[in-house]
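In the order they appear, the protein sequences are chains H and F.
Quick note on numbering: the first sequence equals residues 12 to 350 in the working numbering.
Quick note on numbering: the second sequence equals residues 12 to 350 in the working numbering.
Every residue, glycine too, gets a C-beta built ideally from N, C-alpha and C.
Model, not experiment: these values are computed from the prediction.
Below is one structure, written out as structure tokens, with a few remarks after it.
Protein chains: 2
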Amino acid sequence: MDGRQGAVPIMSDFQAELAGRAKKVDARLLQYIDQGKYKKMREAMLHYPAAGGKRMRPVLAMLVADAVGGRGDAAIPFGCCLEIIHNFTLVHDDVIDQDPVRRGQPAVHIKWDIPTAIIAGDALFARAYEVLADTDVPDKDLRRLLRITSEAIFLVAEGQQMDVDFEKLPTVSLADYEEMVEKKTAVLFGCAAEGGAIIGGGSEKQVRDMKEYARLFGIAFQMWDDVLGVVGDPKKVGKPVGNDVRNGKRTLIVVHALEHLPEGKQREILRKALGNQKATDEEIKAAIQVLKDVGSIDHISSLAKKMAKEANAKLACLQDSDEKRALAALAEYSVARES
Amino acid sequence: MDGRQGAVPIMSDFQAELAGRAKKVDARLLQYIDQGKYKKMREAMLHYPAAGGKRMRPVLAMLVADAVGGRGDAAIPFGCCLEIIHNFTLVHDDVIDQDPVRRGQPAVHIKWDIPTAIIAGDALFARAYEVLADTDVPDKDLRRLLRITSEAIFLVAEGQQMDVDFEKLPTVSLADYEEMVEKKTAVLFGCAAEGGAIIGGGSEKQVRDMKEYARLFGIAFQMWDDVLGVVGDPKKVGKPVGNDVRNGKRTLIVVHALEHLPEGKQREILRKALGNQKATDEEIKAAIQVLKDVGSIDHISSLAKKMAKEANAKLACLQDSDEKRALAALAEYSVARES
């Protein structure tokens, strides 16, 4: 995390920028969702979106629309469409993973029940497209937005299926795992930036490059999450040290380690700690040491930084602007943040 | 079923017409679905659509597009979009209702598992919109199709939520139950016909009337299903007599009866048989007799016929054509069929 001290002021500028845009999105987003005759369904649909969130997808779409020379605000409905889709996937994912808690609150299927959660997810999905239909863009752009959005959601579903199936396999290759991560998270970021560039009237090159920027950013962000999960400061990350190891979460780091560790003592130490709720702090620390020794933490950490750098390079197609700088800071931040 | 004998030749003509169109839809439909990198997900997505079905929604859209003077074939992608959506709702409904069998085969969540079924449903949903994005209509019509489709799916979700919640209530009013039935089934028919009219270049009046035709047809069709469930010929319906009563299915007929039967012996007979898998044939017959005596079967049967007639009246906005005649025959058939 060299240079992070010096970068703090920039970070805080761009974070204020993001927060300002997120705030602009918030009211519209909840208004879009809080419709329909059936109160219970509305409440189940609103449960996650109303609990907060960084609104990364709408903010990305807005920043990019501005950065290519258009109007960021014009991208709000499209951004909200993606945010609603993101929330629909969270609702279904929590049912699938039997996760009882989300954003510090009971998951939808816990607060209500599984049928209500499945239906609320479907209803959010449908609502997202109603919002898209009302987007104030030329009709031909709408067709394009419809296409990229639907293709992205399909890939998200593929990623989710891979994730579910990987859980049952003894080992997964790093390449397969990276593909899953990309589909589950980066694809929707890519869609947000691509759509923002279309809405902002960007050139074809800008549309392509913005999509790639956000895709790379999304993967880097997720990789860095995995890094923080094992070496992050517990106070800043908000989770106990090695939480991911104790929960047996198969992160990119763990997948890399299992791919490279031969049978032997080190592998045994890692195996014993993974998913072992009763593991002592010593055992968790020893497992993390193994992840370090085999080079997995360094490998994923460098990969994340490399991707963030590549993401940044994609911004070359943009003229200088506050939004371009914010996008650059966002990519840098994704692999420098401590939480 | 007076007059049915005389009507048989017409029925069989229009049924051949429907079957011919359904066949045209079949190959395209499966082709649309059988895409994507992940074989298992493709198989789960294809499981219901490949098992057959009448393809009522695409056929309706095609007939209407022709009937308003356009090209029926141009409505195939939109029709397939709705058929895919219909199948997605079936996959999720079966998870929600814990139904193990669909179209004589194990349900998706049985053949695979619940996570795979939830994801396959979501993937079908996304794929449906990919198909819509490729529909060969003017861009402004695409926006309209996107809007009506998304609004319809939202209402289907509301209907499904009502259905789930009604199951837990001791009584439901006939009005609420009708609303649920309309949302769960008729709304998507309405959307198919409305979209077909848009694609066919129909007038605004035709677009409105075709939507209403199909909505009324859809409710009539569902009501007649309920009638057949209690008084249909078991050999023709393919289920034992009074199957719905034994399974405790809360049909429109049962809801009507419970709304009108005072506490007493008759109500007791019905209550005892409803959902009682061990009820004797005598007890089931006695319960059906109660449904007859309180006038519920007649009431729903007349209501179904009235709606089919109203549906037919909506066809007045069409010039005479084979397709108009097929639509008329379809409405008549919906409340005359024996299976």
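Legend entry - Cβ neighbour criterion (16 or more within 10 Å) applied to H:Thr-160: For this step, residue 160 of chain H is matched to residue 149 along the first sequence. Per the 10 Å Cβ criterion, buried.
Inset, instruction - Identify whether F:Gln-46 lies in helix, strand or coil by the three-state DSSP scheme. - result: Working through the second sequence from its first residue, we reach residue 46 of chain F at position 35. Three-state result, F:Gln-46: coil.
Inset, instruction - Take F:Asp-236 as the anchor and find which of F:Lys-194, F:Val-248, F:Ser-23 and F:Glu-94 has the nearest alpha-carbon. - result: Counting from one through the second sequence, the residue named residue 236 of chain F turns up at place 225. Answer by Cα proximity: F:Val-248.
Inset, instruction - Give a yes or no on whether the C-beta atoms belonging to H:Leu-93 and H:Leu-166 are separated by under 8 angstroms. - result: Locating residue 93 of chain H in the first sequence gives position 82, where the first residue counts as 1. Locating residue 166 of chain H in the first sequence gives position 155, where the first residue counts as 1. Not in contact: H:Leu-93 and H:Leu-166 (Cβ atoms no closer than 8 angstroms).
Legend entry - Rounded C-alpha distance that separates H:Val-346 from F:Phe-228: Indexing the first sequence from 1 puts residue 346 of chain H at position 335. Indexing the second sequence from 1 puts residue 228 of chain F at position 217. Their Cα atoms are separated by approximately 58 angstroms.
Legend entry - CB contact below 8 angstroms: H:Tyr-188 versus chain F: Here residue 188 of chain H refers to the residue found at position 177 when the first sequence is read from its first residue. Cβ-Cβ to chain F under 8 angstroms: no for H:Tyr-188.
Legend entry - Whether H:Gly-283 touches H:Glu-274 by CB criterion (8 angstroms): Here residue 283 of chain H is taken as the residue at index 272 of the first sequence, counted from 1. Here residue 274 of chain H is taken as the residue at index 263 of the first sequence, counted from 1. Sequence check: residue 283 of chain H is Lys here, not Gly. When the beta-carbon positions are compared, H:Lys-283 and H:Glu-274 stay at least 8 angstroms from each other.
Inset, instruction - Classify F:Ala-342 as buried or exposed, calling it buried when 16 or more other Cβ atoms lie within 10 Å of its own Cβ. - result: Residue 342 of chain F sits at position 331 when you count from the first residue of the second sequence. F:Ala-342 is buried by the Cβ-count criterion.
Inset, instruction - For H:Asp-147, I'd like the list of residues in its chain whose CB is within less than 8 angstroms of its CB, leaving aside the five on either flank, ordered along the chain. - result: Here residue 147 of chain H refers to the residue found at position 136 when the first sequence is read from its first residue. Around H:Asp-147: Ala-85 and Pro-88.
Inset, instruction - Answer with buried or exposed for H:Gln-300, where buried requires no fewer than 16 other C-beta atoms within 10 angstroms of its C-beta. - result: Here residue 300 of chain H refers to the residue found at position 289 of the first sequence. Counting every other CB atom within 10 Å of its CB across the protein chains shown gives H:Gln-300 a total below 16, marking it as exposed.
Inset, instruction - Report yes or no: is there a C-beta of chain F within less than 8 angstroms of the C-beta of H:Met-52? - result: Residue numbering aside, residue 52 of chain H sits at position 41 when the first sequence is read from its first letter. Yes, because at least one Cβ of chain F sits closer than 8 angstroms to the Cβ of H:Met-52.
Legend entry - Start-to-end residues for the alpha helix (DSSP H) that takes in H:Leu-338: Against the first sequence, residue 338 of chain H aligns to sequence position 327. Segment 333-345, the alpha helix (DSSP H) holding H:Leu-338.
Legend entry - Rounded straight-line distance, which links the Cα of H:Val-175 to that of H:Val-192: For the purposes of this step, residue 192 of chain H is taken as the residue at position 181 of the first sequence. For the purposes of this step, residue 175 of chain H is taken as the residue at position 164 of the first sequence. Rounded to the nearest angstrom, the gap between the Cα atoms of H:Val-192 and H:Val-175 is 12 angstroms.
Legend entry - DSSP state of F:Arg-9 mapped onto helix, strand, coil: Summary: the structure shown does not reach residue 9 of chain F, with chain F confined to residues 12 through 350, and so no result is reported for it.
Inset, instruction - Excluding the 5 residues preceding and the 5 following H:Lys-222 in the sequence, name in chain order all residues of the same chain whose CB lies nearer than 7 angstroms to its CB. - result: Residue numbering aside, residue 222 of chain H sits at position 211 when the first sequence is read from its first letter. Within the same chain, H:Lys-222 has close Cβ partners Gly-201, Ala-204 and Glu-205.
Legend entry - Residue from H:Val-112, H:Ser-307 and H:Leu-239 with nearest C-alpha to H:His-271: Residue numbering aside, residue 271 of chain H sits at position 260 when the first sequence is read from its first letter. Cα-wise, what sits closest to H:His-271 is H:Ser-307.
Legend entry - Enclosing alpha helix (DSSP H) for F:Lys-320 [first to last residue]: By 1-based counting over the second sequence, the position of residue 320 of chain F is 309. It spans 307-324 - the alpha helix (DSSP H) in which F:Lys-320 sits, taken as one unbroken run.
Inset, instruction - Say whether chain H places a C-beta atom closer than 8 angstroms to the C-beta of F:Val-192. - result: Here residue 192 of chain F refers to the residue found at position 181 of the second sequence. Not a single CB atom of chain H sits nearer than 8 angstroms to the CB of F:Val-192.
Legend entry - F:Leu-338 versus H:Tyr-43: straight-line alpha-carbon distance, rounded: On the second sequence, residue 338 of chain F is found 327 positions in, with the first residue counted as 1. On the first sequence, residue 43 of chain H is found 32 positions in, with the first residue counted as 1. So the two alpha carbons sit approximately 37 angstroms from each other.
Legend entry - Helix, strand or coil at H:Gln-330 [DSSP, three-state]: What you label residue 330 of chain H is simply residue 319 of the first sequence in a count that begins at 1. Here H:Gln-330 sits in coil by DSSP.
Legend entry - Boundaries (first-last residue) of the alpha helix (DSSP H) holding F:Gln-300: For this step, residue 300 of chain F is matched to residue 289 along the second sequence. Taken as a continuous stretch (DSSP letters only), the alpha helix (DSSP H) holding F:Gln-300 covers 292-304.
Inset, instruction - Reducing DSSP to helix, strand and coil, say where F:Leu-29 ends up. - result: Mapped onto the second sequence, residue 29 of chain F falls at position 18. Three-state DSSP puts F:Leu-29 in a helix.
Legend entry - Burial state of H:Gly-240, where buried means 16 or more other Cβ atoms lie within 10 Å: The count along the first sequence starts at 1 and reaches residue 240 of chain H at position 229. Residue burial annotation: H:Gly-240 is buried, with at least 16 other C-beta atoms found within 10 angstroms of its C-beta.
Legend entry - Under 9 angstroms from the C-beta of H:Arg-336: neighbouring residues of chain F: The residue labelled residue 336 of chain H in the question sits at position 325 within the first sequence. Simply none; closest approach about 34 angstroms.
Inset, instruction - Could you check what DSSP says for H:Asn-98 in three-state terms: helix, strand or coil? - result: In the first sequence, residue 98 of chain H corresponds to position 87, counting from 1. Note: H:Asn-98 maps to helix in three-state DSSP.
Legend entry - Per-residue contacts from H:Val-175 into chain F (C-beta, under 8 angstroms): If you number the first sequence from 1, residue 175 of chain H lands on position 164. Pro-126, Thr-127 and Ile-130, listed in chain order.
Inset, instruction - Could you tell me whether any Cβ in chain H is nearer than 8 angstroms to the Cβ of F:Leu-40? - result: Position 29 of the second sequence, counted from the first residue, corresponds to residue 40 of chain F. No, F:Leu-40 does not count as interfacial toward chain H.
Inset, instruction - Identify which residue in F:Val-238, F:Asn-254 and F:Val-252 has its Cα closest to the Cα of F:Leu-263. - result: Taking the second sequence and counting its residues from 1, one reaches residue 263 of chain F at position 252. The candidate whose alpha carbon is nearest that of F:Leu-263 is F:Val-238.
Inset, instruction - Just tell me which of H:Lys-179, H:Pro-181, H:Ala-197 and H:Met-173 has its CA closest to the CA of H:Asp-187. - result: Position 176 of the first sequence, counting from 1, holds the residue named residue 187 of chain H. Comparing Cα-Cα distances from H:Asp-187 to each of H:Lys-179, H:Pro-181, H:Ala-197 and H:Met-173, the minimum goes to H:Met-173.
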